[in-house]
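**Q**
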Amino acid sequence: LPVIPDGDVLIHAGDFTNYGDLGEVIKFNAEIGKLPHKYKLVIAGNHELGFEDGEQMNDKQLAGLNMLGINKAYELLSNCTYLCDRSIEVYGIKIYGTPWHSMPGYSFYRPRGQKILHKWNQIPAKTDLLNTVEQRVLPKYHVFGHVHQMHGATTNGTTTFINASLCDHKLRSAYDPIIFDLPLPCGVSK
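And the structure:
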């Protein structure tokens, strides 16, 4: 991992392995365990082969990848909270993590239309911070990381979009982590 500044909450938006390599999962877990953040939230990316329950890849795909993701590799993440289609409340802020996307050939793929909509419709309406889909939920923050060459933050006036990808299009470490402050709800303190 690059130098990660201290903070209360760390959100990792996925792609911490190269197709689910076991050694990379173990190394990532060890490295994230060294960070001082009280809350470390991790969402799988499309490169986390083996993190999708029931994922099936044919022999040709596996040979092409030359990597074998292990089933339920997320169970090895003991130094963080893994969010896959679930919420967590941190300091009164509702955070929902979901990895589903519509790009074929990768983990967590669902085709556009009903199949992906079924996944996205599970996102609770009262979500403050989300890592995917914003039309129905209208979160305050939408954190994601797949589009490597579009690192940065922007807003549409309602939602702040944060592309937290640290790598460029050639998967080289190229960008600094994005740090942002999220106001706590009234009556909530750390």
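One point on numbering: in the UniProt record's numbering, the residue at position 6 of the sequence shown is 6, and numbering is uninterrupted.
Note that the Cβ used here is the ideal one computed from N, Cα and C, for glycine as well.
#1: Just to confirm my understanding: we take N79, look at its own chain, exclude 5 residues before and 5 after, and list those with CB closer than 6 Å. What are they?
#2: Between the beta-carbon of Y91 and the beta-carbon of S102, is there less than 9 Å?
#3: List the whole-angstrom C-beta distance separating H47 from D15, where the pair is believed to meet the contact cut-off of C-beta under 8 Å.
#4: Under 9 Å between the Cβ atoms of G97 and V42?
#5: Label D38 either buried or exposed according to how many other C-beta atoms from any shown protein chain fall within 10 Å of its C-beta, with 16 as the threshold for buried.
#6: Name the DSSP beta bridge partners of F144, please?
#7: Could you check how far apart the C-beta atoms of I179 and G7 are, in whole angstroms? I think they sit under 8 Å.
**A** On the basis of the coordinates in this document:
#1: The answer, listed in chain order, is N29, I32, G33.
#2: Contact flag unset, no.
#3: Contact between H47 and D15 holds, since their C-beta atoms are separated by about 5 Å, short of 8 Å.
#4: It is a contact, given that the beta carbons lie within the stated cut-off.
#5: Note that residue 38 is Lys in the sequence shown here, rather than Asp. Note on K38: under 16 other CB atoms within 10 angstroms of its CB, so exposed under the neighbour-count rule.
#6: In the DSSP assignment, F144 forms a beta bridge with N163.
#7: Yes, they are in contact, since the Cβ atoms of I179 and G7 sit about 6 Å apart, within 8 Å.
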